[in-house]
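Numbering-wise (our numbering), the sequence shown opens with residue 10 and increments by one. Here is the structure we will look at.
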Amino acid sequence: MYLIPTIDVEAIDNLKTQGSFDQLILGTTNQGQWGVPKIMRVLKDNSASASFFVDFAEFPKYSKKFKVLINDLSNNNFDVQLHIHPQFCADIKRPLMQHYTFEEQVKIIKQCQLYYHECCKTQAIAVVKDLLNEVKRFNGFFVMLWRNSYFDEVSHRGITKFYEELLEFIAHLEPENVLGKELMEVKLERE
């Protein structure tokens, strides 16, 4: 079984699109720090690693702080990759679902297969564990994608415990942890 943990690092989330680097990337709030540094601590505490896909489009605005963050990720042996948004090209006027009417959203969603349970965290962890067991059974790949903006105990109470329980279960399965830069090498080895 191969685990491919990824973290999208960007200064945008589903509700707020403006704010300081400290708020949007570091997750600094008056109730704690929930952003990238917190994610790094949880990963390290669970002997896990991840590929951090960093949205460099925000780099000019926060250049000094971005350099510190990227150096911190690199110095802690995390993989740093480029995070791009091709949908944000100048000719696309509505890049986010919230920019579409309800009817347009339904039409878009009907074109996709849905696998959404609307679970609470306890139910969700059970569903994810079942998926992980299936991946283990077939020695497959499990891609785990998180966003810095959702790792926030203020907006998403219990997310840290959920993430830690998930990492603990994954460690029990003894997967081979694959970072972005290693993925192609693993693919070639399997062929």
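Even glycine gets a Cβ: it sits at the ideal position worked out from N, Cα and C.
Quick one: grab the DSSP three-state call for residue i.
i: Glu54; result: Strictly speaking, residue 54 in this sequence is Asp, with Glu absent from that position. Three-state DSSP puts Asp54 in a helix.
i: Arg199; result: helix
i: Asp17; result: strand
i: Met153; result: strand
i: Val115; result: helix
i: Val77; result: helix
i: Leu182; result: helix
i: Val89; result: strand
i: Val187; result: coil
i: Gln122; result: Residue placement at Gln122 is poorly supported in this model, since its pLDDT is 47, which falls under 50; the coordinates are not used for a value here.
i: Ser60; result: strand
i: Leu12; result: strand
i: Glu194; result: helix
i: Asn2; result: Missing from the structure shown is residue 2; the chain here goes from 10 to 200 and no further.
Ordered along the chain, which non-local residues of its own chain (more than five positions away) have a Cβ less than 8 Å from that of residue i?
i: Glu177; result: Asn55
i: Ile79; result: Val63 and Val89
i: Asn85; result: Met49 and Lys53
i: Val187; result: Tyr11, Leu12, Ile13, Phe150 and Val195
Express the C-alpha separation of residue j and residue i in angstroms, rounding to a whole number.
i: Glu143; j: Asp17; result: 25 Å
i: Lys73; j: Ser60; result: 21 Å
i: Glu194; j: Ile13; result: 13 Å
i: Ile34; j: Asn157; result: 7 Å
i: Gly189; j: Gln114; result: 31 Å
i: Phe111; j: Asp64; result: 28 Å
i: Leu182; j: Gly149; result: 12 Å
i: Glu185; j: Ser58; result: 11 Å
i: Ala180; j: Lys102; result: 43 Å
i: Val89; j: Thr15; result: 10 Å
i: Lys116; j: Asp81; result: 43 Å
i: Tyr172; j: Tyr109; result: 31 Å
i: Ala129; j: Val136; result: The residue you asked about is not Ala; residue 129 is Cys in the sequence shown. Cys129 and Val136: Cα-Cα distance of roughly 11 Å.
i: Gln122; j: Gln132; result: Confidence in Gln122 is poor, its pLDDT being 47 and thus under 50, which makes the residue's placement unreliable; the coordinate value appears in the next sentence. Approximately 21 Å, taken between the alpha carbons.
i: Glu198; j: Phe147; result: 17 Å
i: Gln107; j: Ser164; result: 19 Å
i: Phe87; j: Leu141; result: 23 Å
Within the same chain, show all residues whose beta-carbon is closer than 7 Å to that of residue i, passing over the 5 residues directly before and after it, in chain order.
i: Thr169; result: Val51 and Glu162
i: Glu174; result: Ile134
i: Ser83; result: Val89
i: Gly167; result: Lys130
Throw me the rounded Cβ distance for the residue i and residue j pair, which I believe falls under 8 Å.
i: Lys138; j: Met10; result: The Cβ separation is near 13 Å, so there is no contact.
i: Glu19; j: His92; result: 6 Å
Beta-carbon within less than 6 Å of residue i's beta-carbon, same chain only, minus the 5 sequence neighbours each way: which residues are those?
i: Val152; result: Ile13
i: Gly44; result: Ile34, Leu35, Gly36 and Asn157
i: Leu154; result: Thr15
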